[in-house]
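So that you can map any letter, position 144 of the sequence shown is 144 in the UniProt record's numbering, and since no number is skipped, the others follow by simple counting.
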Amino acid sequence: MKLTATLREKFKITISYLFILLFVYAAVSKLMDFQNFQVQLGQSPLLSSYAEYVSYGVIGSELLISIILGIPQYRTYALYLAIALMSMFTSYIIIILNFSAYVPCSCGGILEKLGWTEHLLFNIFFIVSGCVAILLNNHIKKALPALITTISISSFLIIILFINSESTIQKENPFIRRFTPNIISRLQAVELNNYGFYFAGQSKNKVYLGNTFSPLTVLEIDYRSNQKKLFTITLDNDKFEFRSVKIKVLDTVFFLYDGYVPIIYRGAVSNWEAKTWVTRKPYFTMLQPVAYNKCIFMGQQLRNGESFLGTIEKGNNYKINRAEKILQKQMDGKFDTDGMMAYSPKRNIFIYTYFYRNQYTATDSHLKLLFRGKTIDTTSQAKLKVVKILKSGDSKLAAPPYSVNIKSTMHNNLLFIQSGLRGRFENSTIWTKASIIDIYNYEKQTYIGSCYIYHENDEKMTDYVANDSGIYAIIGHKVVRYNFGKPILSILKN
């Protein structure tokens, strides 16, 4: 049954009004919190350099198209423009989800609370609806090629933007890496049968993995036999609303914590029973056990939000000590001091490595400063754009962070740092197929060499640890073991 001309026109008008409602609402929402909208755009890997222009362009386009949609004689042309704009948004989302090394926060007024996938489905619905409205009211042989051209050109513009946009992850620097032959060799892989695992720690001959999707589950792998055992942690007090539970293993004990909840549990790996260890503590963002009764934490000062390191110790007494001069402020004292923790029990050395500059700091377990070392890249000053949102008072990054160091781990006298920067003369193609780990002798503050951890089945390494037998890397749903070669074994001290 064919639709009458009146029904086709009513459908076209209805879709036009839906576009008007969407665009006006979205534009007004962005205008009401314009500064935050610009910041969110600035966090995009594609739009960082053009955030100011795009912020005005998007709002202006949404309002202009809404006005034209309200004029009957121009409504068809306006629908083409609406489809073009939605096609750009959709292409952007597809690139962000599938090809970008960094996924920013979503932005867009009415859809701000939706995830990227929901954004994508929402946009596709409007594109399809707009196309149907045009096709029902125009000659298909003329309208269909025009729609295909509109969508193709709009998508192509976003693709060109992606190709030409400045990469904040894979910058070429003037430093030169040394890829020593046979520094590591891939040995074998252990199937995990699931995703979401991270390394919680290790003890003699064993590594322990936590899981973000099942936070009370621990997987034990014996790296002599590759046998796996799965354990479930029991809590003596579970009456808390946890946000992000983490597990840290130090030799024969483990700690379970969530920095937003006022409790830290401790237990033995022999039975995985977590008992309340500390209930009076500062809130923190990171925790690193350094002894059976002591942890190093990162907290934030209440007066200015700046980060600091401290220790929590509980024996006969409960002590919190702050070491506010360990972290060195360059800009805001919050984002510019972000980093990661690593600890070597045999050396009693704690190392804090900064994310956004070529520096690491070594202390003992009491946070007494021993020395400050440098990684081989040349980024001595954090390259961050931090803004304060006037409406909420929060500080946010207004552009994707220029990440120098991504992850770190220690073993005996060696420091292993996954780098975020491509060095001079390095093949850009390999960076799409592998992660790079730079290896340092931190005792001598020297660079030893670098190695590749290749992706497997197009999946990247998400975490790694080092021990006497080599490097263990989580790649997809596998733990892959790499043996150390002579260049490392000759330097590695027991």
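Glycine is no exception: its CB is placed at the ideal position from the N, C-alpha and C atoms.
Nearest to residue 213 (by Cα), restricted to the options 207, 242 and 315: When only C-alpha atoms are compared, the closest one is 242.
Sequence-distant residues of its chain with Cβ nearer than 6 Å to residue 220 (five each side left out): 206, 208 and 229.
Helix, strand or coil at residue 185 according to DSSP, with G and I counted as helix: Of the three classes helix, strand and coil, the one that applies to residue 185 here is strand, per DSSP.
Cα-Cα separation, residue 249 to residue 233: Rounded to whole angstroms, residue 249 to residue 233 spans 13 Å at the Cα level.
Residues near residue 16 by beta carbon distance below 6 Å, same chain, minus five either side: For residue 16, the CB contacts under 6 Å within the same chain, skipping 5 residues up- and downstream, are 69 and 75 in chain order.
Through-space distance from residue 29 to residue 11, alpha-carbon basis: Whole-angstrom Cα-Cα distance: 27 Å.
Length at least 4, wholly inside the segment 341 to 379: the alpha helix (DSSP H) runs in chain order: List check, alpha helix (DSSP H) in window: nothing returned.
Beta-carbon contacts of residue 292 that lie in its chain and below 6 Å, excluding the five residues immediately before and after: Only residues of its own chain outside the window of five on either side were considered, and among them 253 have a CB closer than 6 Å to the CB of residue 292, listed in chain order.
Distance CB(residue 406)-CB(residue 341) smaller than 8 Å: The answer is no: Cβ separation not under 8 Å.
Three-state secondary structure assigned by DSSP to residue 467: Strand.
Element boundaries [beta strand (DSSP E), containing residue 411]: Segment 405 to 411, the beta strand (DSSP E) holding residue 411.
Range of the contiguous beta strand (DSSP E) that encloses residue 479: Going by DSSP, residue 479 is part of the beta strand (DSSP E) stretching over 478 to 484.
Run of the beta strand (DSSP E) containing residue 265, from where it starts to where it stops: Where residue 265 is concerned, the enclosing beta strand (DSSP E) stretches over 264 to 268.
Assigned secondary structure, residue 225 (DSSP; H/G/I helix, E/B strand, else coil): In the three-state reduction of the DSSP assignment, residue 225 falls in the coil class.
Cβ-Cβ distance between residue 314 and residue 261 below 8 Å: No.
3-residue-minimum beta strand (DSSP E) runs that sit fully inside the segment 258 to 328, ordered along the chain: Counting only runs of 3 or more, we get 264 to 268, 273 to 278, 286 to 291, 294 to 300, 307 to 314 and 318 to 323.
Assigned exposure category for residue 210 - 16 Cβ within 10 Å defines buried: Residue 210 is buried by the Cβ-count criterion.
Those residues which DSSP pairs with residue 439 across a bridge: Answer by DSSP bridge pairing, in chain order: 416 and 449.
Chain-order list of residues whose beta-carbon lies under 7 Å from that of residue 180 (same chain, five-residue window excluded): Annotation for residue 180: 449 and 487 place their beta carbon closer than 7 Å to its own, counting only its chain and skipping 5 residues before and after.
Close Cβ partners of residue 158 (< 6 Å) along its chain, the five nearest in sequence each way excluded: Hits under 6 Å: 88, 91 and 92.
Residue 355 vs residue 404 beta-carbon contact at 8 Å: For residue 355 and residue 404, yes; Cβs fall inside 8 Å.
Run of the beta strand (DSSP E) containing residue 203, from where it starts to where it stops: Its beta strand (DSSP E) spans residues 197 to 203.
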